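Asks:
2 protein chains.
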Amino acid sequence: MATTSSLHPLADSFINRLEVEGHRVTSTRRAVAQAVSGRTAPFTAEELCDEVPRVGRATVYRNIKLLQDMGFLCRVLLEDGSPRYQPSQHAHHHHLVCVSCGEVQDFVDCDLSELLRPVVRESGFEVAGHRLEVFGRCARCRGRASPN
Amino acid sequence: MATTSSLHPLADSFINRLEVEGHRVTSTRRAVAQAVSGRTAPFTAEELCDEVPRVGRATVYRNIKLLQDMGFLCRVLLEDGSPRYQPSQHAHHHHLVCVSCGEVQDFVDCDLSELLRPVVRESGFEVAGHRLEVFGRCARCRGRASPN
DNA sequence: CCGTACATGAGACAACGTCTCAGTAACGAA
DNA sequence: TTCGTTACTGAGACGTTGTCTCATGTACGG
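Going down the list, the sequences are from chains A and B. Counted from 1, the first sequence has number 24 at position 24 by our numbering; the numbering is strictly sequential. Going from the second sequence to our numbering is simple: count from 1 and add 1000.
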């Protein structure tokens, strides 16, 4: 067996979850999880494919989905709707997306349910989930250029 | 000149805005705007293309974007991120998306800025905009099946 | 009525993701 | 340890959404 100890924590947790849930632990999955773990900035699926060239593209997508389902990876939709991925820390959270440098910060759910209550009452909707993305400029980018 | 009086209100407003802003009023734009106006449910760009077969696909996309920029049309990202379009009434609003029937209801911005204040303070972000989509089941779908 | 510049159409191209299908390998059982 | 089942994988086709180019067309001001 390879040097199991060199796995990033995220990759390690992922492997554990695979075992617990009866999925197979493959070298491919280790490689993908390891590549994801090494990321700090949001990345595209294609970038991840480039990082693990020995893994097929379809398989990278399949495992991205698996990582998402297990809560290890989250999908962020930029302002134009284009998707990025990012290792996730919190079960449910939202994103502050810097439109200047592309950085994404998480923030945990402020009490949105409170806000939605009147809306829900009026519409008769049964709310199952939501997505909130906030766009702007991060502190670093504000300091760097056009400091208005 | 075609029967100008038969234009839907949205199409009519669009034509006016074109004139005001110095864009050209073309039969193509009238056709696209008219097709959009006739829609009640969210639709895909390709569906719109099918509805105006004499208009090139690229041109349909260009005018969809123009309609969006002018606030006559809004883009909704479904749960999986796939885009739909819908004539829009309100300048700034959010969406209640029924995951069962696909219906989309608008709701105007509850005071999100209040909620975001602590987040903004902590992160140093300068907020420029946001997107909020709420997913669930509409009243009709709740009544129709699996009424829990 | 003419000229200019904006708008259009056709089709190539790009990004993102899914599907199929044959081959491979993980892992429980013997 | 070996074996068999079945999940997993790779390659590549395919589908969707959208942009770009570039030659042609046309709205509209002069």
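From the three backbone atoms N, C-alpha and C, an ideal C-beta is built for every residue, glycine too. Computed from a predicted structure; not experimentally measured.
In angstroms, rounded to a whole number, what distance separates the CA positions of I152 (chain A) and L1078 (chain B)?
Replies: Outside the displayed span of chain A (1 to 148) sits residue 152 (chain A), for which this structure offers no information.
Asks: CA-CA distance, P42 (chain A) and H1008 (chain B)?
Replies: Each residue's Cα considered, the two are about 43 Å apart.
Asks: Along chain A, which residues have their Cβ under 8 Å away from the Cβ of Q1105 (chain B)?
Replies: Going along chain A in sequence order, the residues near Q1105 (chain B) (Cβ under 8 Å) are S123, F125.
Asks: Identify the contact partners of V99 (chain A) in chain B, using a Cβ-Cβ distance below 8 Å as the criterion.
Replies: Near V99 (chain A) (Cβ distances below 8 Å), the residues of chain B are A1128.
Asks: Quick one, which residues of the region 1038 to 1057 of chain B are near chain A if we go by CB-CB under 8 Å, in chain order?
Replies: Correct list: empty, as no residue qualifies.
Asks: Got a sec: which bits of the region 1061 to 1089 of chain B sit with their beta carbon under 7 Å from any beta carbon on chain A, in order along the chain?
Replies: Residues passing the 7 Å Cβ filter: L1077, G1081, P1083.
Asks: So within the region 1081 to 1128 of chain B, which uninterrupted beta strand (DSSP E) runs reach at least 3 residues, ignoring any that extend past its ends?
Replies: Entirely contained in the region 1081 to 1128 of chain B, the beta strand (DSSP E) runs reaching 3 residues are, in chain order, 1083 to 1087, 1093 to 1098, 1104 to 1108.
Asks: Alpha carbon to alpha carbon, what distance is there between Q1086 (chain B) and H1095 (chain B)?
Replies: Rounded to whole angstroms, H1095 (chain B) to Q1086 (chain B) spans 11 Å at the Cα level.
Asks: Contact criterion: CB-CB distance below 8 Å. Does G136 (chain A) meet it with respect to chain B?
Replies: Yes, contact with chain B.
Asks: Nearest-angstrom Cα distance between S1013 (chain B) and L1132 (chain B)?
Replies: Distance between the alpha carbons of S1013 (chain B) and L1132 (chain B) is about 27 Å.
Asks: So that I know if they touch, is there some Cβ in chain B lying closer than 8 Å to that of E19 (chain A)?
Replies: No, because no Cβ of chain B sits closer than 8 Å to the Cβ of E19 (chain A).
Asks: List the residues that DSSP assigns as beta-bridge partners of R144 (chain A).
Replies: None, per the DSSP bridge assignment.
Asks: Comparing the C-beta of L132 (chain A) with each C-beta of chain B, is any distance below 8 Å?
Replies: Yes, L132 (chain A) counts as interfacial toward chain B.
Asks: Name the DSSP beta bridge partners of E1133 (chain B), please?
Replies: Paired residues: A:R131, B:H1095.
Asks: What are the start and end residues of the beta strand (DSSP E) that includes R29 (chain A)?
Replies: Here R29 (chain A) belongs to no beta strand (DSSP E); instead the alpha helix (DSSP H) covers 27 to 37.
Asks: Let me know the secondary structure DSSP gives R1062 (chain B) once reduced to three states.
Replies: Helix at R1062 (chain B).
Asks: Let me make sure I understand the geometry here. Which of A:R144, A:C141, A:H93 has the alpha-carbon closest to that of F72 (chain A)?
Replies: Of the candidates A:R144, A:C141, A:H93, the one whose C-alpha sits nearest the C-alpha of F72 (chain A) is A:H93.
Asks: Quick check: what's the CA-CA separation for S88 (chain A) versus C98 (chain A)?
Replies: Approximately 17 Å, taken between the alpha carbons.
Asks: Thinking just about the alpha-carbon of each residue, which of B:V1134, B:V1127, B:E1019, B:Q1105 is nearest to the one in M1070 (chain B)?
Replies: That would be B:E1019, whose Cα lies nearest to the Cα of M1070 (chain B).
Asks: Is the shortest distance between the beta-carbon of A139 (chain A) and the beta-carbons of chain B less than 8 Å?
Replies: Answer yes: the Cβ-Cβ gap between A139 (chain A) and chain B drops below 8 Å somewhere.
Asks: Could you give the distance in angstroms between the alpha-carbon of N148 (chain A) and the alpha-carbon of S82 (chain A)?
Replies: Since pLDDT at N148 (chain A) reaches only 45, below the 50 mark, its modelled position is unreliable, and the value read off the structure follows with that caveat. Rounded to whole angstroms, N148 (chain A) to S82 (chain A) spans 28 Å at the Cα level.
Asks: Could you compute how far the alpha carbon of R17 (chain A) sits from the alpha carbon of R29 (chain A)?
Replies: If you take the alpha carbons of R17 (chain A) and R29 (chain A), they lie about 12 Å apart.
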